[in-house]
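Protein chains in written order, with the working numbering: chain A, 5 to 299; chain B, 288 to 958.
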């Protein structure tokens with residue numbers, strides 16, 4: 005039993021069939037959870053790639069304003085006290101990253117949910133929210149500004165409630181600099197309900213932190229192991245220049261709606277190690293958690 | 288801005304230079320990507336999208352939509368001329384288009400197809416414009432329960448695609464439904480029928496699958512018989528070519544109009560779209576038209592219906608994308624990216640304050656459809672000459688296109704395995720008189736059905752089946768089934784009369800869904816029975832939601848394949864007793880042996896690729912085929928090989944670069 009194997013295909017294919025002469029670079033969404041949970045289809049250690057760079061994308065949760073009967077949710081504070089009415093959430097499958105994340109966050113908040121899973125795309129989930137079949141989902145920053153905002157936020161159907169945030173020191177989750185201040189991090193929302201410094205169950209919190217960390221390098225640019233070192237260093241240098249290129253940054257903001265946030269190759273190489281090395285008990289917890297949702 | 292002002296401003300934006308120039312460039316690129324099997328609009332859009340950075344919105348959309356609009360016009364070329372669907376949206380076109388080409392009526396088929404493609408595309412855009420005020424209620428009233436019901440309605444078309452044997456047709460459809468369950472079932476978190484191969488986790492790739500089912504048996508026929516695609520000489524054809532096809536389109540305007548509406552509204556429903564629209568339109572035509580006994584044998588109405596619908600579908604598909612930012616297909620997801628690149632927010636404002644931009648898209652579709660169709664109509668007669676060429680001269684070229692078309696999707700040897708496996712299956716089904724279209728229909732509908740049912744049960748429970756639109760569709764399902772059964776009975780009463788009038792010897796091999804060939808059919812029945820038993824047992828270990836669909840299909844399939852086997856055994860007995868009718872034929876031994884020899888050459892392509900690599904194998908195949916099958920001289924052989932090398936290098940190394948398979952033990956030629 006394992007997590008979303010399809011996401012493991014691209015990295016496995018690159019690692020096994022990619023060329024090493026520097027002409028083949030992989031650009032894909034990093035399947036962190038597949039490695040953490042030892043998905044057999046992922047036949048490569050993600051930290052074994054040569055990282056050219058990474059792009060971060062936080063996830064914004066949003067909810068229909070009428071999700072709780074008799075109450076209008078005008079901002080996130082209006083929904084956190086709800087512990088009776090189940091919020092209808094949508095996902096792609098019991099072992100998908102989106103499902104895992106949604107269930108963990110709601111469980112931590114002690115908000116009941118009725119989770120519907122099996123949607124093929126985020127677009128279908130948003131369509132279901134429009135039809136009032138679902139209340140809540142989460143989208144990447146690019147999706148939020150590119151699609152959700154015009155479709156659900158601007159017409160007054162939904163409001164943003166949180167983003168996960170980035171793991172900080174002392175067991176904290178910080179507000180991501182790429183997300184507007186009025187969309188709180190999960191820790192801010194949690195502490196607003198349960199008090200400053202409060203934390204949920206250790207494993208749930210650590211799982212959320214791990215997911216938050218993975219969002220900081222959601223899309224990765226990598227060469228397979230054994231690639232010509234000169235090609236790697238040239239591409240790293242090119243990426244480093246791109247990350248500060250004003251024209252690129254302006255185009256990125258235009259297309260994604262938010263400022264660019266990313267890692268250099270050297271940073272990504274270090275960061276990936278810190279994410280994938282998770283304790284055994286957390287690995288087991290995540291596996292059990294995913295398996296419990298299979299219908 | 289009023290509605291009329293938006294209409295005019297949209298037109299102005301399309302006509303402001305350089306938008307028309309880019310639109311024509313897009314049309315030219317789109318015709319190329321549509322005509323070459325395996326490429327299609329999605330690949331084309333992905334390639335040209337980066338070039339739109341820095342363009343004005345009207346120019347960028349003229350370029351992208353100009354290309355997107357005509358791929359389903361140009362895809363008719365290979366569907367009609369070669370029996371190979373150019374894109375997923377022209378699969379149904381081959382059912383009647385290719386038999387027309389075999390009858391020497393390729394030009395007529397192309398003339399009809401391009402005319403209705405143009406009209407369908409234009410009307411689709413007009414319907415798109417007219418539907419703008421209705422889009423919200425339409426899209427919001429269709430949910431998973433309605434999608435499930437629509438898929439069930441689609442499945443009822445199997446009856447009209449089954450030819451003579453409803454058992455074979457429905458068993459084949461069950462096989463298609465079962466094939467749709469291959470891969471990782473996201474909703475249940477279960478890997479199904481993947482045999483430990485990562486390649487299958489994403490499901491069976493549709494392009495190699497369809498190419499295998501349809502193209503390989505036809506190419507094999509050309510190679511083994513060395514006939515031209517057209518079975519009649521050019522001078523014997525008296526149908527008037529392109530012009531006759533245009534007249535056909537005008538004569539059957541009502542059918543074209545109905546299928547246009549079908550196309551628009553199927554396109555409008557996210558998640559349905561391209562791969563089923565042609566089948567739905569074809570099924571509608573086969574069920575609703577009078578004198579429909581020639582459907583599947585070269586009836587021009589079987590070309591008109593899918594071709595009108597697949598172009599009209601594109602207008603409909605734009606609506607959920609621009610109005611709700613819900614892309615109904617991968618192509619539309621790319622279009623959505625184009626919006627974001629242009630700094631435009633797709634959403635309700637595209638139907639209000641940005642309505643002029645929306646009309647830019649509508650006008651682009653209109654103009655591109657007309658331009659594409661006119662160019663193709665002018666060129667159609669020339670293209671159709673390919674159908675009069677000797678089999679051995681065109682087989683290597685077609686094989687190149689088929690093998691590369693199967694490769695281009697994700698560039699793995701798994702694609703070629705799928706191509707070959709389904710090539711074998713397609714050949715034996717054709718030989719045994721098994722209809723192949725229901726397998727493809729089951730495959731494309733199976734995914735929709737299972738996913739929609741799964742979500743419908745979670746969101747609406749059993750209430751899914753009492754929703755008003757679902758009830759209406761279910762009434763249509765029942766009416767369709769009753770009508771199909773009545774037609775089937777009427778047909779079986781007519782057959783003896785028709786047979787009594789027929790003169791001349793029966794063909795040596797069976798025709799799809801036409802002649803019965805029990806000696807070739809019963810092994811297919813037995814294999815299907817085995818597959819259904821295996822699938823049932825394999826699925827037993829899975830949890831409820833991923834298990835219920837394959838279990839249901841396996842049970843139904845087992846019963847239907849069993850029914851087909853009983854008929855096969857009765858046919859065998861009748862052949863032995865000498866009481867079989869003229870529509871029951873045996874296997875032509877010489878033809879069968881030569882077919883097996885040719886199939887072994889195809890396996891040889893695969894094996895040799897593993898040893899010396901993909902590129903040299905394909906070139907070598909051409910040389911060897913022309914030498915040993917065609918007995919051509921070295922001038923022809925070398926000329927062909929050089930031409931093929933240039934084609935492969937330009938097409939698949941420069942325009943659409945693929946990852947060539949090169950064995951690890953040899954140095955790499957391609958970077």
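C-beta: ideal position from N, C-alpha, C; glycine also.
- A direct Cα-Cα distance of roughly 10 Å separates residue 259 of chain A from residue 147 of chain A.
- If only uninterrupted alpha helix (DSSP H) runs of at least 4 residues are considered, those enclosed by the segment 724–755 of chain B are 724–746.
- Listed along the chain, the chain B residues whose CB falls inside 8 Å of the CB of residue 130 of chain A are 611, 612 and 613.
- Leaving aside the five residues that flank residue 289 of chain A on each side, the residues in its chain whose CB is nearer than 6 Å to its CB run, in chain order, 207.
- At least 9 Å separates the beta-carbon of residue 70 of chain A from that of residue 63 of chain A.
- In the pairwise beta carbon analysis, the segment 346–360 of chain B is classified as not touching the segment 479–487 of chain B: fewer than three pairs are separated by under 8 Å.
- At a Cβ-Cβ threshold of 9 Å, residue 650 of chain B and residue 412 of chain B count as neighbours.
- Per the C-alpha coordinates, the member of B:894, B:770, B:345 and B:400 positioned closest to residue 657 of chain B is B:400.
- Spanning the alpha carbons of residue 944 of chain B and residue 696 of chain B requires a straight line of approximately 11 Å.
- Between the alpha carbons of residue 550 of chain B and residue 313 of chain B lies a distance of about 23 Å.
- Between residue 389 of chain B and residue 518 of chain B a beta carbon distance of about 5 Å is seen, short of the 8 Å cut, so the two are scored as contacting.
- Residue 930 of chain B and residue 764 of chain B have their alpha carbons spaced roughly 52 Å apart.
- Shown here for residue 946 of chain B: same chain residues with a beta carbon closer than 7 Å to its own, the five before and five after excluded, namely 698 in chain order.
- Using a CB distance cut-off of 9 Å, residue 228 of chain A does not count as an interface residue toward chain B.
- Close CB contacts of residue 33 of chain A within its chain, under the 7 Å cut and outside five residues either way in sequence, are with 11, 222 and 223 (chain order).
- The Cβ atoms of residue 293 of chain B and residue 646 of chain B lie closer than 9 Å to each other.
- In the pairwise beta carbon analysis, the segment 299–314 of chain B is classified as not touching the segment 603–622 of chain B: fewer than three pairs are separated by under 8 Å.
- A Cβ-Cβ contact shorter than 9 Å links residue 728 of chain B with residue 566 of chain B.
- Going by C-alpha positions, residue 203 of chain A is about 15 Å away from residue 216 of chain A.
- Shown here, residue 381 of chain B sits in a helix according to DSSP, grouped into three states.
- The residues 253 and 256, in chain order, have a CB closer than 6 Å to that of residue 264 of chain A in the same chain once the five nearest residues on each side in sequence are set aside.
- Under the three-state reduction of DSSP output, residue 223 of chain A falls in the strand class.
- It is roughly 42 Å from the alpha-carbon of residue 155 of chain A to the alpha-carbon of residue 688 of chain B.
- Closest in C-alpha terms to residue 703 of chain B, from the list B:894, B:951 and B:431, comes B:894.
- Under the 9 Å criterion on CB atoms, residue 750 of chain B is classed as non-interfacial with respect to chain A.
- For residue 601 of chain B, the three-state secondary structure derived from DSSP is helix.
- None of the residues of the segment 596–607 of chain B has a beta carbon lying less than 7 Å from any beta carbon of chain A.
- Interface annotation, residue 633 of chain B: in contact with chain A, CB-CB separation under 9 Å.
- The alpha-carbon of residue 531 of chain B is positioned some 27 Å away from that of residue 601 of chain B.
- Taking residue 150 of chain A as the centre and dropping the five residues before and after it, the same chain places the C-beta of 259, 260 and 261 closer than 8 Å to its C-beta, in chain order.
- Within the segment 93–159 of chain A, the complete alpha helix (DSSP H) segments at least 4 residues long are 101–113 and 126–134, listed from N- to C-terminus.
- With a threshold of 9 Å between beta carbons, residue 398 of chain B makes no contact with chain A.
- Under the Cβ criterion (8 Å, minimum of three pairs), the segment 129–137 of chain A does not count as touching the segment 35–48 of chain A.
- Among the residues of the segment 725–754 of chain B, those with a Cβ less than 7 Å away from any Cβ of chain A are 738, 741, 742, 745 and 746, in the order of the chain.
- Per DSSP, reduced to three states, the secondary structure at residue 198 of chain A is helical.
- By the CB criterion at 9 Å, residue 133 of chain A and residue 162 of chain A fall inside the cutoff.
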